[in-house]
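Chemist: The structure follows.
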Amino acid sequence: MPHTPSDGGIATIALSSDPETLSPLFATGTNSSAVIYFLYPDLVEYDFNEITGRDTNLPSLANSWTISDDYSTVTYHLHTHAHWQDGKKITAHDFAYTYRLYFDPQIGSARRTRSDIVQTRDDGSIDWENVIRTPDDSTIVFHFKKNTPHHRMTEWAQQTPIPKHVLDTIPPSRIRTSWFNQKPVSGKHFILERWERKQNLILKRNSEWTIPDKAHLDQIVFRIIPDMTTRLIELQSGRVDVVEGVNPSDAAELRKQSRFRIERQSGRRVEFVGWNHIDPSPYISSGTIKPHKFFSDQRVRKALSYAIHRAEITQNWCGEYGQIASGPVSPVFRWAYNDQLPEMTYDPDSARIILQSAGWADHDGDGILDNNGKPFQFTLTTNTGNPRREFIAQKIQSDLLRIGIKIEIQMLETAAFNAALRERKLDAFITGYSVNMNLDLQPQFGSDLKKNTFNASGYQSAEADSLLNVIYNAADRYSVADAYRALQSVIYRDQPVTFLFWYDNLTVFNNRVRGTHADIYSPYHRFWEWYIEENP
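This is the structure:
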């Protein structure tokens with residue numbers, strides 16, 4: 320018989336570090352985003368259909384919405400009984416004000432979205448009076464250019480709101496350093512009660528919030544525990560209830576204990592090896608694009624993909640919690656995934672043959688391939704504090720040495736590593752990303768390198784660009800499934816990067832915390848349904 324959820328109790332979640340901010344305007348890190356999800360309202364909720372691989376929007380702060388026939392406006396109707404924690408009503412004016420802040424250059428928000436689908440002035444600034452209108456307190460109308468794709472309209476319109484009555488007293492130039500970023504006035508199921516840096520954040524239930532339902536728990540406590548081993552010790556001791564990002568080997572051991580359960584966030588996270596197609600030196604100094612001495616050759620990239628034992632890497636690290644990746648679209652997005660691509664299996668003999676056809680052979684007998692006297696050796700870089708990527712780097716080093724390629728492994732602090740990726744300073748690198756639910760692949764594979772900063776390998780392809788544009792401009796992304804599949808074929812052929820595996824983000828829950836819904840969106844999805852059952 321199902322247990323009836325009861326109110327009360329505390330759930331304790333381990334975080335690796337303090338959030339850098341609690342303001343949606345400036346949050347970029349996963350820990351900030353996690354805590355903000357508990358504090359700020361969402362215009363809509365989301366639901367993912369695992370059979371079709373499609374997602375849909377559900378009512379939340381907006382109880383209904385309409386899209387005009389010419390795909391130029393989206394109108395949201397808000398609940399009229401939603402309030403910020405100080406008792407002020409949440410209105411359409413909060414949204415209109417918030418959007419101006421997201422795009423204000425004095426704010427410098429990292430969450431600013433693209434403006435090419437809305438009306439702009441001659442100077443390129445957004446014409447706000449004609450882009451967002453608020454006919455009354457509970458209605459907000461977003462105006463777009465005609466025939467804007469449906470998913471791009473709704474995505475653009477779903478930024479997290481903040482309270483206008485609190486922040487409009489602060490000059491925009493001072494908002495980044497204001498008290499609000501550490502002591503937010505929130506509007507959702509929980510309120511920040513206390514934040515002791517490097518110790519914990521304590522959230523208490525907002526009993527006034529009932530959208531889409533009230534929360535059961537009295538408190539959510541986030542404990543700051545940098546070391547994963549310590550997090551797991553605290554989990555075992557009962558002083559922590561929830562640990563996200565657990566390694567597969569640890570999860571396998573915890574599964575043996577009946578008081579814990581493992582929940583997966585599947586299909587969003589991919590790891591890959593990036594090969595820089597352009598020579599870093601002239602690009603960094605002057606923006607000049609010259610071919611990379613190794614990786615500009617598609618034959619070389621294909622050979623490297625054959626030479627890396629991806630199946631062994633995936634099995635040894637992920638076990639049952641991952642699968643080999645063949646391209647940038649996850650198999651969970653069934654409508655877009657190309658399942659006809661042949662698996663590029665481990666084949667060092669084919670790698671050697673391909674490399675020889677490209678001029679790479681051991682001409683001087685020293686065991687390392689060379690071409691015109693130039694040895695095939697390079698540096699493979701990834702970030703510190705990531706055991707998964709350290710493991711991958713060591714395995715790739717071993718695999719490539721077997722075919723006569725020598726690599727040095729370089730570990731950079733995460734901020735420095737990410738900066739080097741954006742600047743395209745690295746010859747080769749191990750990284751990954753979490754796939755956007757709208758499957759916008761332009762940032763990773765678009766040829767405009769100034770605009771697409773996530774295209775760290777410098778990949779440029781007119782054929783890929785054409786397909787990316789078809790996808791980007793489609794009124795309904797589900798109608799261009801063939802373009803997605805064709806794009807995957809182009810990327811498979813070109814091997815701009817070597818895709819390794821899709822892996823599950825594993826979250827361990829103490830069984831006393833019930834009602835959890837870790838899914839493709841978040842380990843904390845629908846947290847208001849969590850409750851405590853002391854003797855499960």
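The sequence shown lines up with residues 320 to 855 when you count with my numbering. Backbone N, C-alpha and C fix where the C-beta goes; we use that ideal spot for every residue, glycine too.
Could you work out which residue in 796, 552 and 787 is closest to residue 766 when comparing CA atoms only?
Modeler: Of the candidates 796, 552 and 787, the one whose C-alpha sits nearest the C-alpha of residue 766 is 787.
Chemist: Please classify residue 563 as buried or exposed, where buried requires at least 16 neighbouring CB atoms within 10 angstroms.
Modeler: Counting Cβ neighbours within 10 Å, residue 563 comes out buried, since at least 16 surround it.
Chemist: For residue 639, which option in 684, 571 and 758 has the closest C-alpha, if you only look at C-alpha atoms?
Modeler: Ranking 684, 571 and 758 by Cα distance to residue 639 puts 571 first.
Chemist: Compute the beta-carbon to beta-carbon distance between residue 561 and residue 828, rounded to the nearest angstrom, for a pair I have assumed lies under 8 Å.
Modeler: So it is a contact: roughly 6 Å between Cβ atoms.
Chemist: Give a yes or no on contact between the region 596-608 and the region 655-663, applying the rule of three or more CB pairs nearer than 8 Å.
Modeler: No: fewer than three Cβ pairs fall under 8 Å.
Chemist: At the level of alpha carbons, what is the spacing between residue 330 and residue 735?
Modeler: Cα-Cα distance, rounded: 35 Å.
Chemist: If you follow the alpha helix (DSSP H) that residue 829 is part of, which residue opens it and which one closes it?
Modeler: Here residue 829 belongs to no alpha helix (DSSP H); instead the beta strand (DSSP E) covers 816-829.
Chemist: Would DSSP call residue 455 helix, strand or coil?
Modeler: Three-state result, residue 455: strand.
Chemist: Is it true that the CB of residue 390 sits closer than 9 Å to the CB of residue 466?
Modeler: Yes. Within cutoff.
Chemist: Relative to the alpha-carbon of residue 695, which residue among 820, 631, 671 and 656 has its alpha-carbon at the smallest distance?
Modeler: The residue with the shortest Cα to Cα distance from residue 695 is 671.
Chemist: Could you please give the first and the last residue of the uninterrupted beta strand (DSSP E) stretch that includes residue 547?
Modeler: Run containing residue 547: none in the beta strand (DSSP E); it sits in the alpha helix (DSSP H), 547-556.
Chemist: Below 8 Å CB to CB, which residues in the same chain sit around residue 396 once its five sequence neighbours on both sides are set aside?
Modeler: Here the set comprises 381, 382, 383, 384, 457 and 458.
Chemist: Can you tell me which residues form a DSSP beta bridge with residue 530?
Modeler: None, per the DSSP bridge assignment.
Chemist: Please state the DSSP three-state secondary structure of residue 642.
Modeler: Strand at residue 642.
Chemist: Report the three-state DSSP secondary structure of residue 320 (helix, strand or coil).
Modeler: Bear in mind that the predicted position of residue 320 carries a pLDDT of just 47, short of 50, making it unreliable; the figure below should be weighed with that in mind. Three-state result, residue 320: coil.
Chemist: Within its chain, find whatever has a CB closer than 8 Å to the CB of residue 475; leave out the 5 residues flanking it on each side and keep chain order.
Modeler: Here the set comprises 432, 433, 436, 437, 461 and 463.
Chemist: Closest to residue 824 by C-alpha separation, out of 817, 837 and 830, would be which residue?
Modeler: Ranking 817, 837 and 830 by Cα distance to residue 824 puts 837 first.
Chemist: Compute the distance between the beta-carbons of residue 647 and residue 763, then report whether it is under 9 Å.
Modeler: Contact flag set, yes.
Chemist: Given a cut-off of 9 Å on the beta-carbon distance, is the pair residue 507 and residue 519 in contact?
Modeler: Going by C-beta atoms, residue 507 is not nearer than 9 Å to residue 519.
Chemist: Measure how close the beta-carbons of residue 851 and residue 536 come, nearest whole angstrom, since I'm counting them as under 8 Å.
Modeler: Yes, they are in contact, since the Cβ atoms of residue 851 and residue 536 sit about 7 Å apart, within 8 Å.
Chemist: Give a yes or no on whether the minimum CB-CB distance between residue 732 and chain C is below 9 Å.
Modeler: Note that chain C does not occur in the displayed structure, where there is just one protein chain.
Chemist: Could you pull out every residue in the same chain whose Cβ sits closer than 7 Å to the Cβ of residue 320, ignoring the five residues on either side in sequence?
Modeler: Model confidence at residue 320 stands at a pLDDT of 47, short of 50, so the residue's coordinates are unreliable; what they give is reported in the following sentence. No residues qualify anywhere along the chain.
Chemist: For residue 358, does the three-state DSSP call read helix, strand or coil?
Modeler: Here residue 358 sits in helix by DSSP.
Chemist: Could you check whether residue 785 and residue 593 sit closer than 9 Å to each other, using their CB atoms as the reference points?
Modeler: In this structure, residue 785 does not lie closer than 9 Å to residue 593 by Cβ.
Chemist: Cα separation between residue 826 and residue 368?
Modeler: Going by the C-alpha atoms only, they are around 21 Å apart.
Chemist: Is residue 707 buried or exposed, if buried means 16 or more other CB atoms sit within 10 Å of its CB?
Modeler: Buried is the call here.
Chemist: Mapping DSSP to helix, strand and coil, what is residue 797?
Modeler: Residue 797: helix per DSSP, three-state reduction.
Chemist: Buried or exposed: residue 483, going by 16 or more other Cβ atoms within 10 Å of its Cβ?
Modeler: Buried.
Chemist: Report the partner residues of residue 541 according to the DSSP bridge assignment.
Modeler: Its beta-bridge partners are 332 and 520.
Chemist: Short check: CB of residue 655 to CB of residue 758, under 9 Å?
Modeler: Cβ distance < 9 Å, so residue 655 and residue 758 count as in contact.
Chemist: So within the region 376-411, which uninterrupted alpha helix (DSSP H) runs reach at least 4 residues, ignoring any that extend past its ends?
Modeler: Listed in chain order, there is nothing to give.
Chemist: Is it true that the region 673-688 meets the region 716-728, where meeting means three or more beta-carbon pairs spaced less than 8 Å apart?
Modeler: Flag = yes, the region 673-688 and the region 716-728 touch.
Chemist: Leaving out five residues before and five after residue 340 in sequence, what residues of the same chain have Cβ atoms less than 7 Å from its Cβ?
Modeler: Closer than 7 Å at Cβ, skipping near neighbours: 346, 351 and 500.
Chemist: Helix, strand or coil for residue 421? Go by DSSP, reduced to three states.
Modeler: Correct three-state label for residue 421: helix.
Chemist: Rounding to the nearest angstrom, what Cα-Cα distance links residue 364 and residue 644 in this structure?
Modeler: Rounded to the nearest angstrom, the two C-alpha atoms are 29 Å apart.
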